[in-house]
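> Just remember that my numbering sits 245 ahead of the position in the sequence shown, which is counted from 1.
I'd like to ask some things about the structure below.
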Amino acid sequence: MAATALLAPLHLQKSVCYALNDSYVFDLAWVPSALDHNANALPQRLAVSASDHQIQLFDPVSLTAVQRIGFHTDTIHHIGPITAQPHLFLSASADGSAALWDLRLAGLAPKSLTPVQTFRAPNQNKTELYCADINSAGMVLAVGTQMAGSEAYIHLWDLRQSPAGAAINSNHGFANSASSPLMTYAESHSDDITQVRFHPTHEHTLLSGSEDGLLCLFDLTQADEEDALIAAGNTCSTVNRLGWFGPQAEYVYALSPLQSFSLWSIDNDGMDAIHQWTNIRNLSQPLGQTQAVVEFGINCHYNPITQRLFLATGSNSGQLQIFHVGINSIDLCQVLQGGHRELVRSVAWSPSQQALISGGEDARLCLWQDTPALVAGLSPTQPLSP
């Protein structure tokens, strides 16, 4: 089967401006529909972080801004939904804090939400948080930090032993600061920890990635870090993105922004490299009359319906490419262009797998769907008042 047939053709439906200032988009997270306190369905939202240290919530269909979240005071390195509690999403920032947000409170705070729970690394000096994740049971929060002195830390909080449960289940958006972490790992990595990802179904399994090039697999049922570290692999390059994929999430991908891309298998015997591509820029190639210009990697997406893994890459001029990833091959599916004028920083796929939203340094948000449409120019969106 040709790679172009593995993904329904995506077409530009809408392109809007994140804000009418110099801010540009950092990261995107599609927050699925959930139920409010009265069991009424909450709408899907697209969470967007930007260079102004703000998060805005958008309607993912109209790309209209509906809510501003102003809490962090420095670069927001991570935003993401929480599988176990779809009404929540998580953020982590260079200001040293992570925060939990409850979309059920959006109607009570029409202009700006307040976090229901905040977490801060236990250091006297501010330590940047580069990544965060919550396990499939919704009980454990993991964050990864920058190097502090000679160590980089993974901090773990037990949400059952913090004020989080009461705060999350309340009807008020008051932020409560969590107590000290339950556990801290400080010996497994020797550089900034850029990624932490819990296994989708094994709640005690945590994967981390770092600028030291290492992938570390932990069993959180073991209190001692040396015992908890059950496997490690060396990608030989900075880990910028990583994630689980496969029918049982038995595989892992690791992506460096400018160089390597690797696939790994995880089993009872540990972690084994399957394949490594040493320079993703070599993926540049023609597709029909279009030349795909690959200059950096963005992220991967696993489609649980088709059980296929896709890699998104981009060019400095705003072109976006989608590749299908096989065990030993990467094949170009589509080239998306005309939506962005500068490099694309993040992409988010819809839960239905039929739409893709991209955000870039041109401050544009672009909606791509598998339905042909004509887009007349670039449409500014109405920014929210501070």
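Every residue gets a Cβ at the ideal spot worked out from N, C-alpha and C, and that includes glycine.
#1: Nearest to Cys481 by CA position, among Asn266, Ile550, Leu503, is which residue?
#2: Distance, Cα to Cα, Phe490 vs His444?
#3: Taking 7 angstroms as the cut-off, is the beta-carbon of Leu348 closer than that to any non-hydrogen atom of the ligand FMN?
#4: Less than 8 angstroms between the CB atoms is what I'm expecting for Ala557 and Ile572, so what's the real figure, rounded?
#5: Going by the DSSP bridge assignment, what does Ser510 pair with across the sheet?
#6: Do Ser574 and Gly542 have their beta-carbon atoms positioned less than 8 angstroms apart in this structure?
#7: Is the beta carbon of Val580 less than 8 angstroms from the beta carbon of Thr535?
#8: For Gly583, which residues in the same chain have their Cβ closer than 6 angstroms to its Cβ, ignoring the five residues on either side in sequence?
#9: In angstroms, rounded to a whole number, what distance separates the CA positions of Leu532 and Leu577?
#10: For Val388, list the residues DSSP reports as bridge partners.
#11: Is it right to say Ile379 is buried, meaning 16 or more other beta carbons lie within 10 angstroms of its own, or is it exposed?
#12: To which residues of the same chain is Ala521 closer than 7 angstroms at the C-beta, ignoring the five residues directly before and after it?
#13: Look up Asp576 in the DSSP assignment and give the residues it is bridged to.
#14: So who's on the other strand from Ala310, going by DSSP bridges?
#15: Can you say whether Arg586 is buried or exposed, counting buried as having 16 or more other CB atoms within 10 angstroms of its CB?
Here's the rundown:
#1: Leu503
#2: 10 angstroms
#3: In terms of ligand content, the structure shown is empty, and the ligand FMN therefore cannot be addressed.
#4: Not really, about 19 angstroms apart at Cβ, beyond 8 angstroms.
#5: Tyr496, Asp517
#6: Not closer than 8 angstroms, so no.
#7: Yes, the pair counts as a contact, with Cβ atoms nearer than the cut-off.
#8: Leu257
#9: 8 angstroms
#10: Ala377, His400
#11: Answer is buried; the Cβ neighbour count reaches 16.
#12: For clarity, residue 521 is Gln in the given sequence; the question names Ala instead. Cβ within range, chain order: Ser505, Ser507.
#13: Beta-bridge pairing links Asp576 to His569.
#14: Phe303
#15: exposed
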